[in-house]
Amino acid sequence: MKKIAKTAMVVASALFLSCVITSCSNNEAPTKENSEAISDKMEGEEIAVLTDAPNVPAPITRKHPTKMIVNLEVIEKEMEMMDGVKYNFWTFGGSVPGKFIRVREGDFVEFHLKNNASSKLPHNIDLHAVSGQGGGAAATMTSPGHETQFSFTALNPGLYIYHCATAPVGMHIANGMYGMILVEPKEGMPKVDKEFYVCQGDFYTKGAYGEEGLQQFNMEKALKEEPDYVLFNGKVGSLTGEKALKAKVGETVRLFVGNGGPNLVSSFHVIGEIFDNVYPEGGSTLNHNVQTTLVPAGGSAITEFKCDVPATLILVDHSIFRTFNKGTLGMLKVEGAENKSIYSGQQDDRIYQGEGGAVQTMPEDPSTNVPSKPLTKEEKMTQGKNIFESTCQACHQSDGKGIPKAFPPLASSDYFKTDKNKAITAVLHGLSGKVTVNGQTFDGVMPKQTLSDGQIASVITYVLNSFGNKGGDVTPADVKKLR
Ligand SMILES: [Cu+2]
Numbered sequence: 024m025k026k027i028a029k030t031a032m033v034v035a036s037a038l039f040l041s042c043v044i045t046s047c048s049n050n051e052a053p054t055k056e057n058s059e060a061i062s063d064k065m066e067g068e069e070i071a072v073l074t075d076a077p078n079v080p081a082p083i084t085r086k087h088p089t090k091m092i093v094n095l096e097v098i099e100k101e102m103e104m105m106d107g108v109k110y111n112f113w114t115f116g117g118s119v120p121g122k123f124i125r126v127r128e129g130d131f132v133e134f135h136l137k138n139n140a141s142s143k144l145p146h147n148i149d150l151h152a153v154s155g156q157g158g159g160a161a162a163t164m165t166s167p168g169h170e171t172q173f174s175f176t177a178l179n180p181g182l183y184i185y186h187c188a189t190a191p192v193g194m195h196i197a198n199g200m201y202g203m204i205l206v207e208p209k210e211g212m213p214k215v216d217k218e219f220y221v222c223q224g225d226f227y228t229k230g231a232y233g234e235e236g237l238q239q240f241n242m243e244k245a246l247k248e249e250p251d252y253v254l255f256n257g258k259v260g261s262l263t264g265e266k267a268l269k270a271k272v273g274e275t276v277r278l279f280v281g282n283g284g285p286n287l288v289s290s291f292h293v294i295g296e297i298f299d300n301v302y303p304e305g306g307s308t309l310n311h312n313v314q315t316t317l318v319p320a321g322g323s324a325i326t327e328f329k330c331d332v333p334a335t336l337i338l339v340d341h342s343i344f345r346t347f348n349k350g351t352l353g354m355l356k357v358e359g360a361e362n363k364s365i366y367s368g369q370q371d372d373r374i375y376q377g378e379g380g381a382v383q384t385m386p387e388d389p390s391t392n393v394p395s396k397p398l399t400k401e402e403k404m405t406q407g408k409n410i411f412e413s414t415c416q417a418c419h420q421s422d423g424k425g426i427p428k429a430f431p432p433l434a435s436s437d438y439f440k441t442d443k444n445k446a447i448t449a450v451l452h453g454l455s456g457k458v459t460v461n462g463q464t465f466d467g468v469m470p471k472q473t474l475s476d477g478q479i480a481s482v483i484t485y486v487l488n489s490f491g492n493k494g495g496d497v498t499p500a501d502v503k504k505l506r
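In the working numbering, the protein residues as written are 24 to 506.
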């Protein structure tokens, strides 16, 4: 199945490619016999439909160039960069990234840049799809309450970034002034089932990641290229939970991926998938079977894949601290029938001891690991501290205070204050969904920890007697009851 769909996609793409290389001198106007023929004759006029991420306008079915009228409005507006964290964004069309523009190779684009009267500053636009001074920037410096106009012919097919180029350019981009324009090749693009628009950007705020309230732009951090936030589509969580992208098993998906920068290069990767096709840098070369593709600042990539099995695919910048600590995490939920021959799921979990090399048949119940002699509380504290440092600390931090918005505090936590079983259960079975700890809401995922009853007893005893918690003692038997 996959092979066929993939081959079809490859063949179609190769066709598109060969046409690009030989530049397809197919000039004949459509005739009765050949109404599908590709024409270079300019016909008609259209007003471009613009969309907000993650949506893209419908594929172009026209076989001829037209006059495309694009109306794009700059709006400066306060929006959230993360729940509770506000930022005064400067936008192309009211959101970050800016509106997606879709035209066809050869189209004559009449571009109207409007700057909302409520704006405080003039702005302009540099479209990387434009051959001409400043990519249009020189013709579009637009004061608040004004509209400028220029035209260009979309000579080169590809996926392009556009951005504001008003000084200080870095600051305008850092405030969200970028978006994408796709110039479809005249032959069109191979058909896929789903297309999405995902655009990365790095953000520099006065406060650290997660600090609430209205955040100001921080020029020092921007100069050092040390962003607090690295985001897909302008907000932490823009593509997770309810807002996750969706597809079905068997469907082909195309991602139009961009990177507005201003500084970082993205190592774009989808956990749990392999890109069947990639157009590196958004150009016309076709690559296959790619795990991670680079998306330069001010650049793009087009990736395509078939969803083979049900899974929650995770979109990341594989410069991975950005994903788990700065925001570049999105989801694509693929639903449908399982195919155990492609992916089986876990088939076994057994204890492996490196030393003796012996693979023991798994005690389904690690409580058989309980040492014959019960540990004293002091011994538990020592063992618990070791486990905490090797296992829990990475997320909950060495002082147990966690990370705002990401990992809840274990220090003085009111979550398990009156019920130590809640702490045991979290470690034993994992924890996900909304939890409130000391008045702060968290909506993350704590993976279940593979520890024995004795180890869990020790680490929870350690937590209960550390970080300002009120004390207590947990036995392996307490853990066993909840397993
Ligand atoms: Cu600007």
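C-beta: ideal position from N, C-alpha, C; glycine also.
Cβ-based burial, residue i [other Cβ within 10 Å; buried from 16]
i	result
I70	exposed
F465	buried
Q369	exposed
D149	buried
T384	Bear in mind that the predicted position of T384 carries a pLDDT of just 42, short of 50, making it unreliable; the figure below should be weighed with that in mind. The residue is exposed, with fewer than 16 neighbouring Cβ atoms inside 10 Å.
G456	exposed
S413	exposed
D106	exposed
P386	Only weak support exists for where P386 lies, its pLDDT of 43 falling under 50; the coordinates are left without a value.
G494	exposed
P250	buried
N310	exposed
P470	exposed
G260	buried
Own chain, CB closer than 8 Å to residue i, minus 5 neighbours either side, in chain order
i	result
V221	A76, P77, F255, N256, L262, L278, F279, V280, G281, L338 and G353
N312	I297, F298 and D299
H195	W113, H146, H186, C187, A188 and T189
E79	With the sequence shown as reference, residue 79 is identified as Val, and Glu is not the correct amino acid for it. Excluding positions up to five away in sequence, the list reads F123, R125, L205, E218, F219, Y220 and F279.
N444	D501 and L505
R85	R127
CA-to-CA distance, residue j to residue i, given in whole angstroms
i	j	result
K269	V215	14 Å
S62	S174	21 Å
I83	T189	32 Å
H151	V253	22 Å
Q420	I426	7 Å
N488	R373	32 Å
T441	V318	49 Å
V126	S118	20 Å
M404	G423	15 Å
V497	E99	55 Å
Y183	V301	15 Å
S307	G181	7 Å
V458	E243	35 Å
P208	G129	9 Å
E248	K329	36 Å
G295	G121	29 Å
G157	S364	53 Å
A160	V153	10 Å
Same chain only: Cβ atoms within 6 Å of residue i, ignoring 5 sequence neighbours per side
i	result
N111	E101
S3	In the structure as shown, the chain begins at 24 and stops at 506. Residue 3 is therefore absent and cannot be evaluated.
V502	I447, D476, I479 and A480
L287	D225
V468	S455
V482	G407, I410 and F411
H341	S290, H292 and T315
K137	E96 and E170
V486	L433
F131	K90 and T176
9 Å Cβ cutoff, residue i in contact with chain D
i	result
Q156	Although the question refers to chain D, the structure presented lacks it and comprises just one protein chain.
Residue span of the beta strand (DSSP E) that contains residue i, given as start and end
i	result
L487	Note, L487: premise wrong, no beta strand (DSSP E); alpha helix (DSSP H) at D476 to L487.
A429	Looking at the DSSP string, A429 is not in any beta strand (DSSP E), and its letter there is neither H nor E.
C222	K217 to F226
D340	A334 to D340
R125	F123 to R127
F173	E170 to T176
H311	N310 to V313
Residue interval of the alpha helix (DSSP H) (run including residue i)
i	result
E243	M242 to K247
V502	P499 to L505
V79	First-last for V79: undefined, no H or E at that position.
L200	At residue 200 the sequence reads Met, which differs from the Leu that was named. No alpha helix (DSSP H) contains M200, which DSSP labels as neither H nor E.
Q369	Unbroken run through Q369: none, as it is neither H nor E.
K443	K443 to H452
T263	It is not in any alpha helix (DSSP H) - T263 carries neither H nor E in the DSSP assignment.
E402	K400 to I410
A324	Counting along the chain, A324 falls outside any alpha helix (DSSP H), though it belongs to the beta strand (DSSP E) covering G322 to K329.
Cβ-based neighbour list, residue i, same chain, cut-off 7 Å, excluding 5 preceding and 5 following
i	result
G322	I184, N282, E304 and G305
Original post:
Around ligand 1, which residues pass a check of Cβ closer than 5 Å to any of its heavy atoms?
Top reply: H146, C187, T189, H195 and M200
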